[in-house]
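Chains as they are written, first to last, in the numbering used here: chain D, 1 to 316; chain G, 1 to 316.
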C-alpha cells in the first residue's frame, strides 16, 4: 500500500495521478484537518472534501476545490440574509457538509463519517483524516489571530504571519489506521502541499512523526516549491517565517528527520545537485501537474522512485 | 391591528390577500409551529417560512410552498449520499433554514429568529410563532405514531389517523406578543387552514384559547371546507376523526367557544342558512383564492365583515 500525506489542492492533483497508476485498494490518503471550519453551523473539512471529490471524479478542474459544475444559489441567499459569505459552499457541495455534520452530531467519528462518505461516492481508496480529535491551525498575524480559512480565504493570505500554532494537536490522537498505515506502508509520499499549514498539522499529531522516523517504508516528498517559489499559495512566505529557505532545501528541511528522497522540478536542477547527499536522494522531473497526463506521469515517477527498500536510499 | 391565525398553504393565500388590503404595520400573523421538523440537522419551520415567503413575494405560486424558481440540486446530492429525501428543501430555501438554525444555536428564540429573518426579507408585517417552546403535532395512525410531516408529506396523508396530539403544548407558553396581540386586536381572523393540525396546535398553547374567549375583538374564520370537502389536504378526514362534521358546521364547531362569524363559500349557502344564529353570523362569498385578485377580494370581504364591535356580532 502506498500512503500519501496531503493537504489542499496541489496535493489533490498528485492523489489524482496516483489513482491512475496504483490500484485503489493500494492507496491510503492521510489528510490534514487543521483547516476544518464550522461554517453556517456545518462541519466543513475542506482538505478531506478535495480528496473525496478528486477520487470520485467530482472535483472542479477549474477551481481545484468543490464540485465541478456546482452552483452557488444558497450562498447568494445567505448573503441576502446577512450571513457571512466569504467562504464559498456550492449547492452540491452543501450536501457533503450537511451529511458529515449529521453523522458527527449522531456521534460518529470524523474518520467513520469520511469512510461512509467515500463509500457513497464509490471511492475504493482509503481516505483517513489525520485525527478524529479537533486540531485547529491558528495563525498569529498583523491582523490578530486567524483561523487558517480566515487567513487563506478571507484575507487571501495577504497578511504577515508571525507564528503558526496547531491548537489541540498536543492532545490529538491519530485517527484509527493512521499509525498502522505508516508502519505497514510500501512507500510513503508527501504530496506537494504546503509543508507548514497543510502537512505541519498532520506531523503535529501525537505519534505520527515518530511513526515516520521508525517505519521501514521509503519516504519521498514532492516539492511544492518550484524555481524558488510556491506553485500556488503562501508556502514560500510561511516557510521563511519558519526560518526555512523557500527553496527545495527548505522542503527537505521541513521533513529532514524522516525524508529519504525529494522529487523536485527541472527548474531546480542546480539546487538539487547541491542538496543531493548520502542521506537524501534528489531527482528532478516535470512537477507542474496541468493535465491528467502530467499528474499520472509525476505519480508514476514518484512511485517508481520509491520502489526500493529504505536504507537503500529510495531510488531517487 | 388585524391578527390572523394561520397554518399552511391555504392560510398563506389569505395572508397575501390581507397584505394587499391592510397596511403591513396593521397586520400580525400568528403561525403554527407544531409542524416544525429537524431535517438534515436543520430546524425547519414550514408554516413560518410559507408566511415569510408569502409576505416577501418569494413564495412559489405553483407549489404554494418554498421559493419561486428554486432549484433542488442539494436535495439530489443528498439522495445520492443516502440521506432521507422525502422532505424537499430547495437550494434557496436552504439559506432560510441554515440561518434560522444558526440563530437558534446561538441562543436566540424562535420568535427573535423569525423577526430577524422577516426584517432581512423586507417584511413590515409582524410574524409571530405561536410559541418559542417546542410543540410537536403527533398523529397516532394505522402505521404507528407519525410526526405531522411524516404523515402529510412522506405518507401523503393516505393513512388512517386515530388521534392527534400536540406534544409539549401543555407546558408551552405563547411567544412574546401573542397574547398581547389577541387582547389588543381590532379583529381576529382564522385563515382557511386545517382546524385540527394547523390551528389546533396554536389553540393548544397555554392561555391562547382563553385570550380568544376574553378579547373584545370580533373573531371570524374563513372556512377551509367548501362544498362539504377540504379545498386541499386532509382537513375533512381529520375533522371527522375529531367527531366534527366535515362541513362548515364542523369548522364552526372547532372554534365554537370564541367564534363570532364564519365566512363560507357560495357553494355552502344551504348549510350557511341552517348554521346562522344569534351567536354566529355566517356570510357567503367566493373563497377559492386562485388569483391575487381573488385573495384580495376575500381579504377585503373578511376585513369589512369584522369592522364592528364584538357583541354586535361581527357584520357577517
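Virtual Cβ for every residue (Gly too), placed ideally from N, Cα, C. On a predicted model such as this, the values are computed, not experimentally measured, just so you know.
Tell me the residue span of the alpha helix (DSSP H) that contains residue i.
i, result
"residue 144 of chain D", "Premise fails: residue 144 of chain D lies in the beta strand (DSSP E), 144-147, not in any alpha helix (DSSP H)."
"residue 170 of chain D", "Counting along the chain, residue 170 of chain D falls outside any alpha helix (DSSP H), and DSSP gives it neither H nor E."
"residue 10 of chain G", "9-21"
"residue 274 of chain D", "269-275"
Classify residue i: buried if its beta carbon has 16 or more other beta carbons within 10 angstroms, exposed otherwise.
i, result
"residue 13 of chain D", "buried"
"residue 35 of chain D", "buried"
"residue 77 of chain D", "buried"
"residue 40 of chain D", "buried"
"residue 161 of chain D", "buried"
"residue 269 of chain G", "exposed"
"residue 24 of chain G", "exposed"
"residue 198 of chain G", "buried"
"residue 232 of chain D", "exposed"
"residue 271 of chain G", "buried"
"residue 126 of chain G", "buried"
"residue 86 of chain G", "exposed"
"residue 66 of chain G", "buried"
Report yes or no: is there a C-beta of chain D within less than 8 Å of the C-beta of residue i?
i, result
"residue 298 of chain G", "no"
"residue 40 of chain G", "yes"
"residue 47 of chain G", "no"
"residue 36 of chain G", "no"
"residue 77 of chain G", "yes"
Strictly below 8 Å CB to CB, what residues from chain G border residue i?
i, result
"residue 83 of chain D", "95, 98, 99, 102"
"residue 105 of chain D", "41"
Starting from residue i, find everything on chain D with Cβ-Cβ shorter than 8 Å and list it in chain order.
i, result
"residue 120 of chain G", "80, 81, 82"
Taking Cβ positions only, does residue i come closer than 8 Å to chain G?
i, result
"residue 284 of chain D", "no"
"residue 71 of chain D", "yes"
"residue 306 of chain D", "no"
"residue 92 of chain D", "yes"
"residue 117 of chain D", "yes"
For the beta strand (DSSP E) holding residue i, just list the boundary residues, first then last.
i, result
"residue 184 of chain G", "Looking at the DSSP string, residue 184 of chain G is not in any beta strand (DSSP E); the run it does join, the alpha helix (DSSP H), is 178-184."
"residue 38 of chain D", "37-39"
"residue 301 of chain D", "Looking at the DSSP string, residue 301 of chain D is not in any beta strand (DSSP E); the run it does join, the alpha helix (DSSP H), is 292-306."
"residue 283 of chain D", "281-285"
"residue 196 of chain D", "Segment: none, residue 196 of chain D is in no beta strand (DSSP E) and carries neither H nor E."
"residue 221 of chain G", "219-222"
"residue 27 of chain D", "27-31"
"residue 208 of chain G", "First-last for residue 208 of chain G: 208-214, but that is the alpha helix (DSSP H), not the beta strand (DSSP E)."
"residue 328 of chain D", "As displayed, chain D neither begins before 1 nor continues past 316, which places residue 328 of chain D out of reach and without an answer."
Check whether chain C comes within 8 Å of residue i, counting only Cβ atoms and requiring the distance to be less than that.
i, result
"residue 31 of chain D", "In the structure shown, chain C cannot be found, because the protein chains are D and G."
Should residue i be counted as a contact of the ligand PLP given a C-beta to heavy atom distance under 7 Å?
i, result
"residue 242 of chain D", "Because no ligand of any kind appears in the structure shown, any question about the ligand PLP cannot be addressed here."
field: Contiguous alpha helix (DSSP H) assignments of at least 4 residues, all confined to the stretch 233-262 of chain D
entry: Restricted to the stretch 233-262 of chain D, the alpha helix (DSSP H) segments that are unbroken, complete and at least 4 residues in length are 235-241, 248-254, listed in chain order.
query: Mind pulling the beta strand (DSSP E) runs of 3 or more residues that sit fully within the stretch 87-162 of chain G?
result: Those beta strand (DSSP E) runs which fall completely within the stretch 87-162 of chain G and span 3+ residues are 126-129, 136-141, 144-147.
- request: Tell me the start and end of each unbroken beta strand (DSSP E) in the stretch 33-81 of chain D that is at least 3 residues and wholly inside, in chain order.
  value: Within the stretch 33-81 of chain D, the runs of beta strand (DSSP E) at least 3 residues long that lie entirely inside it are, in chain order, 37-39, 42-44.
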